[in-house]
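What follows is a short report on a single structure.
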Amino acid sequence: MKVLAKLFCFFLFFILGITKFSVSVGICRENEQQALESLKKEVYDPSDSLSFWIVGKDCCEWKGVVCHNLTRHVIELHIYGFFGYLRINNLEWLPSLLNLENLEIDYVDLSKATNWLQVINKLPSLVDLSLYNCSLHHIPPLLNHNFSSLETLDLSRNNFSSSIPKWVFNLPSLVSLDLSDSNLIGPFPKGPVNFTSLMTFMAGFNSFNCLLPGWLFDLNNLEYLGLISSGIKGAMPSGAGNVTKLKNLDLTFNNIEGELSELFNDRNNFLPAGLRNSFSLTELYLGNNKLTGTLPKSLGQLTMLEIIDISNNRLEGVVTESHFTNCTQLRQFFASNNDLTLKVSRNWIPPFQAIDIDIANWNIGPLFPMWLQTQKNINSVDISNGGIQGEVPTWFWNLSSQIQLLDISHNQFIGEVPTISTPSWSPRQAYWLMYLDSNNFSGLLPQISPNVTVIDLSNNFFSGGLSHFLCETNKSRSYKLEVLNLEGNDLSGVIPDCWMNWPELKVIILRDNNLIGGIPRSMEVLNNLISLDFRKNRLTGPLSSSLENCTKLQKIDIAENELDGQLPPWLGTRLSYLIILSLSSNKFYGELPLEICHLKDLQILDLANNSFFGIIPRCISNLTEMVSVNKLGETDIIYSSHYFEARFRESAMVTTKGNIYQYDKILALVTSMDMSNNNLSGDIPISFTSLVGLKFCNFSKNHLTGKIPNGIGDMKVLESLDLSENQLSGQIPQSFSSLSTLSFLNLSYNNLSGKIPVGTQLQSFNSSSFQGNELCGLPLLANCSSSGRIPDVDIEKDESDEDELDWFYISMAIGFGISFWGVCSCLLFKRSWRHVYYRFLDSCWESLCVKLQIWGWI
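Sequence positions in the sequence shown follow our numbering and run 87 to 944.
Here's what the structure looks like:
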């Protein structure tokens with residue numbers, strides 16, 4: 087026995103020694119080392135992402151490479167590019183890594199590796215595959231695949247522009263599939279599918295444009311289904327469902343129809359006995375769809391439910407305490423923008439402790455919802471537009487100090503607002519958003535704590551000055567305020583000169599108050615300022631040079647004040663990001679500075695109702711944002727914050743078609759130029775017609791002369807044009823007839839003559855659009871033939887034609903003068919030429935006399 091024991095110990099130590107030796111001194115397999123070294127040499131890597139791969143050094147020690155402890159085969163490969171700055175042209179080196187189990191190539195440009203799938207299909211041991219954000223353009227079909235061991239497949243953030251091939255749904259070992267944000271189109275393949283192990287399926291942010299397939303809800307191991315914004319439409323599928331393990335269902339931002347209650351009862355087997363018996367469900371996202379009907383009471387039976395989002399649907403009816411009977415785990419309830427009414431007892435104590443409650447646009451009032459007092463962990467509350475009246479309870483103001491997002495706007499609250507405080511222990515990244523606008527609050531403005539990031543007190547009855555609000559601050563604290571909206575109150579006095587306390591401000595809105603004085607000097611410290619709106623006050627003085635340092639400004643609206651002076655050149659040179667410049671209804675004067683043409687991003691220019699004189703700058707064509715016709719991207723103008731994900735939507739007032747409109751949601755698509763009611767003279771420059779992206783234009787009530795440029799017909803998106811009350815002459819250009827988008831036109835009270843061009847739009851306008859001229863033809867009653875007026879049929883020349891004609895005659899005159907005096911000079915100073923010239927004249931005279939004698943004329 088002792089001998090056997092010794093032999094056993096010997097073999098045990100021998101095996102351990104071999105294992106230790108193989109772990110400590112084993113190196114990467116030669117063929118695999120060569121394959122990775124060839125990749126390192128051939129790859130385009132300007133960002134030096136593979137700098138840790140040292141050729142000649144054991145590849146098992148390379149960052150991102152994992153080898154098997156015993157065999158030293160490469161079993162994991164993790165390559166991370168820098169958003170496309172690593173480019174790999176082919177994957178032909180991959181089959182050398184035959185034992186690869188985990189392949190992760192993310193943020194790498196594989197657009198030239200067209201055979202990527204065929205190569206990866208040669209890796210039979212592959213368990214995890216991730217090709218996230220690799221610029222792939224196609225998922226090829228596969229008749230036979232070797233992915234029987236594949237458990238995780240991530241092909242998200244690519245640009246496939248195709249449907250999902252059938253083989254993807256025939257991977258029996260697959261546990262997680264992520265195809266989100268890859269420009270996939272529908273429909274989904276028809277069943278049957280072999281997804282028996284699938285637990286997570288994510289395919290959001292695509293364009294399937296189809297119904298949900300029924301087989302999707304026969305996956306009995308499915309725990310997470312994410313199809314947010316994926317083009318799903320129609321009603322939920324009926325038929326047998328078996329997804330009893332489902333924990334998270336996200337179908338937000340689709341076009342799903344039908345009654346919500348059908349998902350919670352036995353009549354529809356979307357889930358086994360409906361969602362009512364899905365006891366594992368913890369997160370349910372159905373917001374931003376087209377669901378109708380009432381909120382089912384069986385919702386309260388989902389005892390594990392923590393998050394529910396049914397906002398922005400078409401639900402209606404009454405919600406009572408019974409809807410939340412067993413929702414003890416509920417933490418987030420998002421149900422805003424439905425036609426729902428909350429009816430609970432005054433003493434109701436909810437069974438949950440919520441963190442977020444969003445029930446905006448519900449019928450909650452007229453009494454304040456006292457049950458909010460029981461929510462000790464509340465972080466955000468939105469009860470805006472709830473029909474609530476009266477004063478806000480004191481306990482709620484105390485509770486609001488812990489609420490980071492508070493929206494009680496668009497109610498009928500009265501009384502004063504106390505100091506808005508936040509906990510002194512708040513970390514720097516904490517933020518507080520306070521929306522108290524559109525109520526009946528009165529008194530002085532409340533002071534706010536340094537952590538408040540957005541404060542909206544607009545459209546109330548606050549009175550008094552701004553000094554105590556802006557200047558009486560805690561000097562030892564750094565204030566985070568980024569958005570300040572005090573529009574539409576009764577605020578008076580001067581704008582105080584203490585803006586140095588608010589260095590983070592991005593948006594200042596003080597419009598529609600009774601403020602006086604000038605723009606304070608201390609605003610020069612607001613280096614982050616993007617939007618400034620002082621419209622409709624009683625401000626005086628020039629445009630302060632303090633704004634010259636606010637170089638990030640995209641909007642200046644100081645219209646409807648009493649400001650004066652000339653426009654400074656720095657307006658165009660220093661504020662190069664301006665999108666909106668509204669100076670109308672002030673007392674500005676002088677010539678328009680040429681520097682204004684530097685504002686290439688300008689979309690809205692409003693200089694109306696001032697005393698500007700001189701000509702319209704010829705460089706106006708440099709406003710390139712008004713040249714662009716097809717605007718891409720967002721339709722609104724959004725400002726984001728450093729501290730939070732919430733965004734501020736910009737708005738602008740535009741006078742067009744004789745009315746004033748406020749634009750916000752489509753502001754990025756609006757282009758407008760208004761110089762009306764000034765003393766501008768000269769002609770309309772030809773360069774104006776190059777602004778083919780301009781939609782609204784008003785040059786009325788000036789002293790403009792000359793003709794309307796022929797090229798105006800190139801302005802194909804022009805919707806409103808007002809040139810009335812000027813001294814324009816000549817005919818209306820024939821090109822007007824091609825302005826199919828024109829819906830408002832006023833050419834009245836000029837010196838125009840001739841026939842109104844025939845076009846679908848022109849004849850649809852009222853005759854008042856053409857009165858006060860010498861025009862004939864529809865829509866006027868004056869007939870061009872019967873009235874005795876014969877319009878000039880010649881094509882009128884615009885100023886460019888006239889310029890070319892003038893230069894032709896000028897050049898002829900110069901040429902004649904040079905030639906004439908050149909010959910005379912030669913005859914005067916060259917004696918031999920002079921003799922020859924005289925003999926030539928004598929010869930001509932003698933010859934003429936002989937011929938006259940022959941003809942008997944002398």
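For each residue, glycine too, the CB sits at the ideal point set by N, CA and C.
For the ligand COA, any of its heavy atoms closer than 6 Å to the Cβ of residue i?
i	result
Thr480	Among the components modelled here there is no ligand, and therefore nothing to report on the ligand COA.
Assuming residue i and residue j form a contact by the criterion Cβ under 8 Å, report the distance between their Cβ atoms to the nearest whole angstrom.
i	j	result
Leu639	Leu661	5 Å
Leu861	Ser839	7 Å
Lys592	Glu736	Going by Cβ atoms, the distance from Lys592 to Glu736 rounds to 11 Å, so no, they are not a contact pair.
Glu677	Gly700	4 Å
Ala954	Tyr749	The requested residue 954 does not occur in the structure, where the chain is confined to residues 87 to 944.
Leu298	Met322	7 Å
Leu401	Leu346	6 Å
Ile506	Pro532	5 Å
By Cβ distance below 7 Å, which residues in the same chain neighbour residue i in space, the five residues on each side in sequence not counted?
i	result
Ser564	Pro536
Gly60	With the chain covering 87 to 944 only, the question about residue 60 has no answer from this structure.
Val430	Thr406, Glu407, Trp457
Leu43	Residue 43 lies beyond the stretch modelled for the chain, which goes from 87 to 944, so this question has no answer here.
Tyr747	Val740
Leu308	Leu284, Met285, Phe287, Val329, Lys331, Leu332
Trp941	Low local confidence applies: a pLDDT of 48 at Trp941 is under 50, so the model's placement there is unreliable, with the coordinate-based value given in what follows. Excluding positions up to five away in sequence, the list is empty.
Lys883	Reliability of the predicted coordinates at Lys883 is poor, the pLDDT of 45 falling under 50, and no value is obtained from them.
Leu753	Asp722, Ile723, Glu736, Ser737, Ala738
Asn526	Gln498, Phe499, Ile500, Asn546, Phe547
Lys686	Asn708, Leu709, Thr710, Glu711
Flag this pair as yes or no: are the beta carbons of residue i and residue j separated by less than 7 Å?
i	j	result
Asn207	His231	yes
His409	Leu391	no
Gln439	Asn463	yes
Leu691	Leu667	yes
Asp643	Lys622	no
Gly550	Val580	no
Ser135	Trp179	no
Leu428	Ser466	no
Asp240	Ser266	no
Cys636	Leu664	no
Ile702	Pro771	yes
Gly792	Asp769	yes
Between the options, which lies nearest to residue i when the distance is taken from Cα to Cα?
i	options	result
Phe246	Val279, Ser293, Pro258	Ser293
Ala868	Ile842, Trp253, Lys561	Ile842
Ile394	Ile441, Gly779, Thr282	Ile441
Asp425	Leu804, Glu348, Ser397	Ser397
Asn832	Lys787, Met801, Gly167	Lys787
Ser221	Gly167, Gln813, Leu377	Gly167
Asn449	Thr282, Ile435, Ile469	Ile469
Gly277	Phe255, Leu491, Ser767	Phe255
Glu190	Glu178, Ile161, Gln204	Ile161
Tyr193	Arg243, Gly792, Gly451, Ser834	Arg243
Asn433	Asp444, Pro455, Leu416	Pro455
Phe47	Thr637, Ile541, Phe774	The requested residue 47 is not part of the displayed model; the chain covers only 87 to 944.
Asn672	Cys683, Thr637, Glu646, Leu755	Glu646
Asp264	Cys783, Leu228, Tyr218	Tyr218
Leu709	Gln689, Ile702, Asn696	Gln689
In its own chain, which residues sit with a C-beta less than 8 Å from the C-beta of residue i, not counting the 5 before and 5 after it?
i	result
Trp588	Leu556, Tyr565, Leu567, Leu570, Leu612
Ser544	Asp523, Ser524, Asn571, Leu572, Glu573, Gly574, Asn575, Ile595
Gly779	Glu711, Met712, Val713, Ser714, Val715, Lys717, Thr757, Val803
Val141	Glu123, Lys126, Lys127
Ser834	Ser810, Glu811, Ser854, Ser855, Phe856, Gln857, Gly858, Asn859
Gly373	Thr338, Phe339, Asp395, Ile396, Ser397, Asn398, Asn399, Phe420
Quick one: residues in its chain with C-beta nearer than 6 Å to the C-beta of residue i, no 5 flanking neighbours on either side, listed in chain order?
i	result
Leu891	Annotation note: pLDDT 41 at Leu891 (below 50); position unreliable, coordinate value reported separately. Counting only Cβ-Cβ distances below 6 Å, and skipping sequence neighbours, we find nothing.
Gly501	Glu477
Ile483	The residue asked about is misnamed: residue 483 is Trp in this sequence, not Ile. Excluding positions up to five away in sequence, the list reads Pro504.
Asp887	At Asp887 the pLDDT is 41, less than 50, meaning the model places this residue with poor confidence and gives no usable figure here.
Cys296	Gly272, Pro273
Asp214	Asn188, Thr238
Thr383	Before going on, a small fix: residue 383 reads as Lys here, not Thr. Here the set comprises Ser408, His409.
Ser773	Arg704, Ile706, Ser707
Any chance the segment 643-654 sits against the segment 620-627, with 3 or more Cβ pairs inside 8 Å? The segment 643-654 vs the segment 620-627: in contact.
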